[in-house]
Amino acid sequence: MTPLDELRGGSIGEEFVSLLRKTIRAVAITRNFPPPDDLTRWDSEAVGRIVSEFVADPQTPRRLMDLATTCSSDQALKARLEGTVRNFLADLGRRTPIGKLVVRLNDVLGKRDQFVRADGRWALVDGPAGPGLANLDRLAKAIRPHEIMMPKWGHDARREAPVADAETIASLCKVLIEAAGGSLTSRMMASAIGVRLGLGQAPVSLDASSLDGAWSPVSSTVDATADEALREARATEVLALLNDRERLALAWLECPVRELAPLLGVGPSQAHVIRKGATELLRAELVDDSDGEAIAAHVLELARMWTEQWTDSGVPT
């Protein structure tokens, strides 16, 4: 059985786990993602931890459904899984102190006229656009005497306080770019600021291209709303093609087949067939949709909502 066969059957089997491990290691190394905090390299332990986090992540059922429904071959699965893993590792990076700082830095600089983008790096409007000297020790030393102003933050605030106010972030970045003699990536500046703020080891290996997108302005709200309405309408059409058991199988996508079977009122073998049929139907319906992944996510959400509202005490049909 191939990795794609396992996914279409509604399970994470040995073949897929093996592919996942290889993909995580390859993407992590080629994209220069840092290993888990207390490890220094991407060895089997580091990869194993990320595999466990990926499998346990609440969004993974949606990710697996996307892979199962949009990939027509194992080669296509390998290619799409690379993107899925890259996005997952970037999300993990955003959860770290330095990752959060990269996102905040992009947000702050993107709102100030004195900064400009230059080939993926930040430069001063009136300064050189070419790459500056990205020496972490030198940059950290340049901002060591800089005063840090903390924003006012209530103790009952729902989210964690920023490490510095916006003016401080902008001022630090200006000093860093000037010290480098040219433009710098967000990750390099965040790493240097992390050293100054005592955020622990500042991983220079954050994937800048993954985190840097956080600053970009969104497209028209009207267009986005219209696109969302079209996705919801398409998802409703697809949901209507599923019978009760298939909807339940998708709603409980995270359940192993042996646990799904009693919920459907059938044996494990039949539960496997039902789940596989549901995923294959999704794939067939959405294979030509350019927005298939988002529509599949909507279908899963609709299936969960339908399941919550389903009150018939009889066996689903």
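Sequential numbering from 868 applies to the sequence shown in the working numbering. Note that CB positions come from ideal geometry on N, CA and C, so glycine has one too.
DSSP three-state label for residue i, please.
i	result
W989	strand
G880	coil
P870	helix
P1129	helix
L1000	coil
L1051	strand
R888	helix
G915	helix
R898	coil
V1154	coil
P995	coil
G1134	coil
I1010	coil
Go through its chain and collect everything with a Cβ distance to residue i's Cβ below 7 angstroms, but skip five positions before and after it.
i	result
E881	none
T927	F921
R888	V914 and V918
P827	One cannot answer for residue 827 here, as it falls past the ends of the chain, which runs 868 to 1184.
V1042	A1009, I1010 and H1013
H1139	G876, G877 and V1124
T937	R947, R1150, L1153, V1154, G1159 and E1160
A996	A985, A990 and S1050
Taking the alpha carbon of residue i as the reference point, which residue from the options has its own alpha carbon closest?
i	options	result
R929	C1122, G966 and V1062	C1122
A1033	E1095, G977, R953 and G994	G977
V983	I1015, H1013, N954 and L1051	L1051
T890	D872, F955, M932 and S939	F955
E1045	G987, Q981, I1015 and W1119	Q981
T1174	S1058, W1119, S1053 and G994	W1119
S885	P870, L1167 and R898	P870
I1141	C938, G877 and E873	G877
N1002	F883, M1055 and A1037	M1055
I896	S940, C938 and V952	V952
P964	R979, F883 and I1060	I1060
L968	D1004, R1063 and E1160	R1063
M1172	G1134, L1117 and L1131	L1117
Tell me which residue opens and which closes the alpha helix (DSSP H) that residue i is part of.
i	result
I1015	That residue, I1015, is in no alpha helix (DSSP H); it is neither H nor E in DSSP.
W909	Run containing W909: none; DSSP gives neither H nor E here.
V1042	A1033 to A1047
D1111	D1111 to A1118
L1108	Premise fails: L1108 is in no alpha helix (DSSP H) and is neither H nor E.
G1159	G1159 to Q1176
I'd like the list of long-range same chain contacts for residue i, defined as Cβ closer than 8 angstroms, with 5 residues on each side in sequence excluded.
i	result
R875	A935, K1143, T1146, E1147 and R1150
I1162	R1098, R1101, A1102, V1105, L1153 and D1156
L1169	A1102, T1103 and L1106
L991	Q981, F982, V983, K1041, I1044 and E1045
S1038	H1013
R908	P902
Give every residue of the same chain whose Cβ lies closer than 6 angstroms to the Cβ of residue i, excluding the five residues on either side of it in the sequence, and list them in chain order.
i	result
A1164	R929
**OP:** List in chain order: all unbroken alpha helix (DSSP H) runs of 4+ residues lying wholly within the segment 917 to 988.
**Re:** Correct list: 927 to 937, 941 to 962 and 964 to 977.
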